[in-house]
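Chains as they are written, first to last, in the working numbering: chain A, 1 to 101; chain B, 1001 to 1289. First up is the structure itself, then whatever we jot down about it.
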Amino acid sequence: MDPHDLAEQTTGLASRVNNLAVQTTGQQSRQLMEQQDVLSKLAMVAIVKELDAGQADYQNAVALLTKAIDQVDTALQKASEVANAINLVAQVITAVSKVVG
Amino acid sequence: MKSIIRGQVWIIAALLAFSVTGCASIPTGRYQTFSAATENIQSLIVNTDTRIEERQREFAVITAPNEKLTTSTFKPNLDGASYDITSQLRSREATLDVLVKYAKVLDALAGKDLNSDVDKSAQNLAASLKGLSASSEVNTFSKVLATLSDSLAGAVTESKRKEALRSAMTTVQPAVVAITNLLQRDYDKVQIFVNLMRDRYIAHANADRPPFGTWQRFKFDSEIAAGLAEYQQIDDALDAASAAINKLPEAHQQILESLDNKETPLNMLHDVVDQAQHLRSFYRNLPSK
């Protein structure tokens, strides 16, 4: 696993969450907007920090990121999946925060 | 950081080699232009880094949580984890400064007013290395170089310049490649960082955009357009600097080869010089906001 994977995947997820926020309205849109702010900052922390890609927490976070990216892609096609996407992104935020914190 | 140290160990070794023999007829102009080109690249990068720091401050304000103001409200961190890129930018500037100072040593060595110029430029290179980092490895390395630079300046005589240049540049060539690769990799990261800030800038602007057809909308959009133009300038500047930096190793190699073969093509040096001249007036040449 590459030390830049976390930053790149978090950036990728932030971008998708942005698309989902634009596509949704109301409370869900606001939640996604807040999540996107946090994801962007987490990606920026990951860029400026030297991270150890060999750590279990790192690998767990990258695995969750991959899952969340897929889920957000699904939610972009199917509105009923937005709530699941928000939940998974929240889990990602916790996992990535643990790595970069 | 190890790559920087390893690269500069090569520079030390090359500087030591300045005391060997050689003869006349050195094409001084290409050393001057190479040195000027590295300075232009450095100037653009420092200017761009300043703009990135300003954007980072703005980003912290835009994305600040809806809470009471405190002294740390707008600090670039998330729950204590810093995303402040300033130290990374400074580190890259310091790395590039080593190349700039090295090019000046070459220029001085190729020039006619030899001893005082070489001494001065070697001292500047030593000083530049001192500015790299506070780590013990780099400090030790800097002390060694400073000592070597002193002895180098005393050892060089006019008749030895050509061989000294050949020897130094041959030894340093891998370091030039290593340092430019390092700068290139880091600037890719900086570009991603800047794009993240830009995307949040757009998202927050969209969230609060006044209704279409109103004066407020016009004023608001004008401000956002100016902000986006600045982001575009930063992005273009990073691309332009990166393209120029990428050509430095080949330009360096061509200058080296041309010491012994006057037919050596200098197209990479010419490319670097062309790009560097463009970089010198990069922000001035772009349309104003």
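Ideal Cβ placement from N, Cα and C applies to all residues, glycine included. Remember, it's a predicted structure, so these values are computed and weren't measured experimentally.
Check                                                                                                                        : Outcome
Neighbour-count burial assignment, Met-44 of chain A, 16 or more Cβ in a 10 Å radius                                         : buried
CB contact below 7 angstroms: Lys-98 of chain A versus chain B                                                               : no
Within-7 angstroms CB hit, Gln-1088 of chain B to chain A                                                                    : yes
Nearest residue (CA-CA) to Gln-35 of chain A, options A:Asn-84, A:Ala-83, A:Ala-14                                           : A:Ala-14
C-alpha distance - Gln-1173 of chain B paired with Ala-61 of chain A, whole-angstrom precision                               : 40 angstroms
Three-way DSSP call (helix, strand, coil) for Asn-1195 of chain B in this model                                              : helix
Within-7 angstroms CB hit, Asn-60 of chain A to chain B                                                                      : no
Beta-ladder partner(s) of Leu-1078 of chain B, from DSSP                                                                     : B:Ala-1081
Own chain residues within Cβ distance below 6 angstroms of Asp-1186 of chain B, not counting five before or after            : Arg-1092
Partner residues on chain B for Asn-18 of chain A, Cβ-Cβ distance less than 8 angstroms                                      : Asp-1199, Ala-1203
Whether Ala-1229 of chain B touches Leu-1044 of chain B by CB criterion (7 angstroms)                                        : no
Cβ contact (3+ pairs, closer than 8 angstroms) linking the stretch 1059-1078 of chain B and the stretch 1097-1105 of chain B : no
Inter-residue Cα distance where the pair is Ser-1121 of chain B and Ser-1082 of chain B                                      : 37 angstroms
Chain-ordered chain A contacts of Tyr-1083 of chain B [CB-CB under 7 angstroms]                                              : Lys-41, Met-44, Val-45, Val-48
Within 7 angstroms, strictly: CB atoms of Leu-39 of chain A and Thr-66 of chain A                                            : no
Three-state class that DSSP yields for His-1252 of chain B in the structure shown                                            : helix
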